[in-house]
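Structure, as structure tokens:
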Amino acid sequence: MQQITRAGEPMDVAGTLPAPGQTAPLMTLTNANLEDVTLDTYSGKRKVLNIIPSVDTPTCAVSTRRFNELASQLDNTVVLVVSADLPFAAKRFCGAEGLDNVETLSTFRHREFQEAWGVALANSAMEGLCARAVVVLDPDNRVLHSELVSELKNEPDYEAALAALKG
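Once you know that position 156 of the sequence shown is 156 in UniProt numbering, the rest is easy, because the numbers rise by one and skip nothing.
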């Protein structure tokens, strides 16, 4: 089991984050329209998965805004913000913030995503939520970059994710 920290306190994370060079695990998640989507839904596009605990936390809100800004500069790329938030809450957040360059996806019906992608917070009060991570995929769903953020309150390395898309 992997570990991260929250305010310096250790937290367990179940599963293993996909590593660069690997093919991304299968996934089914629920979009803002309550439709189930898979990686095939975004076939032929590069994908940035901004995986977060909840858009209702300050760092998650910042990373969603930042990836929304960065996405507007990227060709053939979709930014998927993945959390355990209900689709209604994520849609409300993006609407209130005017964020239209990201797509929110929820694990609420498909919690198997969390362990399959190595982001399942476990053995803590935050069990059921995702750890903060970024995974960048090429159009064929090969992992170009992955980062499990070691401190839950920290933002991901945006520059490393962008570099993977440019490299």
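The beta-carbon is built from N, C-alpha and C at its ideal position, and this holds for glycine as well.
Task: alpha helix (DSSP H) runs contained entirely in the segment 66 to 127, provided each spans 4 or more residues - done: 87 to 97, 112 to 116
Task: Length of the line joining the Cα atoms of residue 30 and residue 125 - done: 24 Å
- [ ] Identify, in the order they occur along the chain, each residue of the same chain with its Cβ nearer than 8 Å to the Cβ of residue 45, setting aside the five sequence neighbours on each side.
- [x] 76, 77, 78, 139
TODO: Have a look at residue 57 and residue 152 and give me their C-alpha separation to the nearest angstrom.
DONE: 11 Å
TODO: Tell me residue 31's beta-bridge partners as DSSP assigns them.
DONE: 105
- [ ] Mind reading off the beta-carbon distance from residue 13 to residue 49? Whole number of angstroms is fine, and I expect it under 8 Å.
- [x] With a Cβ gap of about 15 Å, residue 13 and residue 49 do not count as contacting.
TODO: Take residue 62 and list the residues in its own chain whose beta-carbon comes closer than 8 Å to its own, dropping the five residues that flank it on each side.
DONE: 155
- [ ] Could you tell me which residues DSSP puts in a beta bridge with residue 50?
- [x] 81, 134
- [ ] Look at residue 90 and residue 104 and say whether their C-beta atoms are less than 8 Å apart.
- [x] yes
TODO: Using only alpha-carbon positions, find the residue among 102, 133, 112, 15 that is nearest to residue 27.
DONE: 112
Task: Those residues which DSSP pairs with residue 14 across a bridge - done: 120
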